[in-house]
Amino acid sequence: MTLLEHPIISDQEKAALWRAYREGRHTRVPMFIKTNVRVVMVLPDWNPDGYTFEDCYHDPKAHLKMELQHLLFNRTVISKHSDWPHELPEVWEVQLYLHNTYEAAAFGAEVCFPPGQVPTTEPPPFADDDRRNEVFDVDLEHPLETPYWKHQMRMWRDMKKLAEGMTFEGRPVKLLPVSYLGTDGPVTIGCNLRGPSFLMDLLAEPEYAQKLMAFVVDALAHRRRALAEAFDGDVVRPPHHHIADDACAMLGVEQWRTMVKPHHERLYRIQETDGCGAAPDSERALHMCGNATHLFPAMHEEINITVFDTGFPVDHGGLRRKLGQDVMIQGGPQVPLLLKGSPEQVFERTREILQSGIMAGKRFVMREAHNLPPLVPEENLAAMYAAALEFGQYEVC
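So the numbering used here is basically just the index in the sequence shown, starting at one, shifted up by 120.
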């Protein structure tokens, strides 16, 4: 068997693996690949109309078409080299996809479209120190009345009309409710709103920084309530109470503990008590890209986060030893290696991770670290999956 070959795993076997994983009965490490629509935007065969991210932001037809193309790409390409299903679904379930713009944009940040990149935001006027308190003039209690959310709700209604009676690859299309119930985190949104100045705020103006982070958390609570009400409680419920906060990677443990921990704790309490998301007793999950693992032991011990979704760099074996065997960890080869490395390098890196000790306790899920970029060679995904299948086996007692 070469690196470009691996056993064909049926959808039935994949579904059984994920069920067994949830029940702790699995005999190998499951693997998935996380993508978004950018993987097909750059491929002429998948985007023959040449739609851009700006087109998809303003045009409901473009948005719906490219999201469907993305779902088909996952089923026909990504599924060959991961434990995602291959068979086409009975119904295509599509979401309005907002990337990582929706929080800062609701505060007034401008959505912009760098060439060839996903949408992002530019810091709004209150990034200026003289205007920084203007952020607190935003009406949090009526989030769907902001210009940003009015636009997105119009997009959703227009997409829903297009989806009604529509078929794609012979199957009906269903537009899911807008369920942006999570957060990119108070430190990250602080940086979105204030730019690099927010890091100075944390040190030189801690009272302001605390007020802003509390305001960001308040915004999440109101947004969750408003979206749940707008869709009569019909929301897409995640498996965990989940937050992210990538910018925290720039902080030390004591800085996180004294400045940010109370806000993270409150974010989880909101999710556990408002009835809008996962079941109240679900695990607490965190995503942090970058060099962030120095924070994870304190986060686990002090606010009971038990699911960590990692980026890179990560010492997988060392992280397992620090967190213990009962904590779920997701991670894998870094995306620059998947994009630019050889199949042999990807295979070797995947093997190293699996043999690092990360599999102890059977709570590891292999994935790319973090979010597959466009134009990754398919043979590199094949090499990653081949290594996962070969070295991700648990001993059967």
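We treat Cβ as the ideally placed atom computed from N, Cα and C, and that holds for glycine.
query, result
"Reducing DSSP to helix, strand and coil, say where Cys232 ends up.", "strand"
"Thinking C-alpha only, which one of Pro494, Gln513, Arg483 is nearest Arg158?", "Pro494"
"Cα separation between Leu509 and Asn194?", "19 Å"
"Among Met419, Gly452, Arg441, which one has its Cα closest to the Cα of Phe432?", "Gly452"
"Buried or exposed: which applies to Asp446, given that a residue is buried once 16 or more other Cβ atoms fall within 10 Å of its Cβ?", "exposed"
"Short of 7 Å in beta carbon distance, which residues of its chain neighbour Glu392, apart from the five on each side in sequence? Order them along the chain.", "His361, Pro400"
"In terms of residues, what are the limits of the beta strand (DSSP E) holding Ile449?", "448–451"
"Can you tell me which of the three DSSP states Trp376 falls into?", "helix"
"Which ranges would you report for the alpha helix (DSSP H) in the region 294–328 if only whole runs of at least 4 residues count?", "306–314, 317–324"
"Below 9 Å between beta carbons: does that hold for Ala348 and Asp394?", "yes"
"Which residues share a DSSP beta bridge with Ile129?", "Partner(s): none; Ile129 has no beta bridge."
"Using a threshold of 9 Å, state whether the C-beta atoms of Leu319 and Ala229 are closer than that.", "no"
"Let's see if you can read the secondary structure: which residues bound the alpha helix (DSSP H) around Glu223?", "222–226"
"To the nearest angstrom, how far is the alpha carbon of Asn411 from that of His219?", "22 Å"
"If contacts are defined as beta-carbon pairs under 8 Å, then Pro263 and Ala140 qualify, I think. What distance do you get, rounded to the angstrom?", "Not confirmed; about 40 Å, so no contact."
"What first and last residue would you give for the alpha helix (DSSP H) that runs through Asp429?", "Unbroken run through Asp429 is the beta strand (DSSP E), 425–430; no alpha helix (DSSP H)."
"DSSP on Ile363, reduced to helix/strand/coil?", "strand"
"How would you label Ser130, buried or exposed, when you count the other beta carbons within 10 angstroms and need 16 or more for buried?", "exposed"
"Using the beta-carbon count (16 or more within 10 Å), is Ile128 buried or exposed?", "exposed"
"Is Asp394 near the ligand SAM, judged by its Cβ being under 8 Å from some heavy atom?", "Absence of the ligand SAM is noted for the structure shown, with no ligands found whatsoever."
"Looking at Ile198: is its Cβ nearer than 9 Å to the Cβ of Leu415?", "no"
"Leaving aside the five residues before and after Gln465 along the sequence, list all residues of the same chain whose C-beta is less than 8 Å from its C-beta, in chain order.", "Leu457"
"Among Gly310, Thr241, Gln215, Val336, which residue has its Cα nearest to the Cα of Val293?", "Gln215"
"Using a Cβ-Cβ cutoff of less than 8 Å, which residues in the same chain neighbour Cys368 once the five nearest sequence positions on both sides are dropped?", "Gly305, Val307, Thr308, Trp376, Val380, Met408, Ala412, Leu415"
"Where Arg251 and Pro245 are concerned, what is the direct C-alpha to C-alpha distance, given to the nearest angstrom?", "7 Å"
"Could you tell me if Glu488 is buried or exposed, where buried requires 16 or more neighbouring beta carbons within 10 angstroms of its beta carbon?", "buried"
"Near Lys154, which residues of its chain fall below 8 Å by C-beta distance, leaving aside the five closest residues on each side in sequence?", "Arg487, Glu488, His490, Asn491, Leu492"
"Could you say which of Asp354, Leu371, Asp365, His436 lies nearest to Gly397 if we only look at CA atoms?", "Asp354"
"Looking at the secondary structure, which residues open and close the alpha helix (DSSP H) in which Phe467 lies?", "463–474"
"So the alpha helix (DSSP H) His206 belongs to, where does it begin and stop?", "Looking at the DSSP string, His206 is not in any alpha helix (DSSP H), and its letter there is neither H nor E."
"Going along the chain, which residues of its own chain have a beta-carbon closer than 8 Å to the beta-carbon of Val162, five neighbours each way excluded?", "Gly236, Pro494, Leu495"
"Flag this pair as touching only if the region 321–337 and the region 272–286 have three or more C-beta atom pairs under 8 Å; answer yes or no.", "no"
"Is it the case that the Cβ atoms of Asp366 and Ala405 are separated by a distance below 9 Å?", "no"
"Taking Cβ positions, are Trp269 and Ala226 nearer each other than 9 Å?", "yes"
"How many Å lie between Ala136 and Pro267 at the Cα?", "45 Å"
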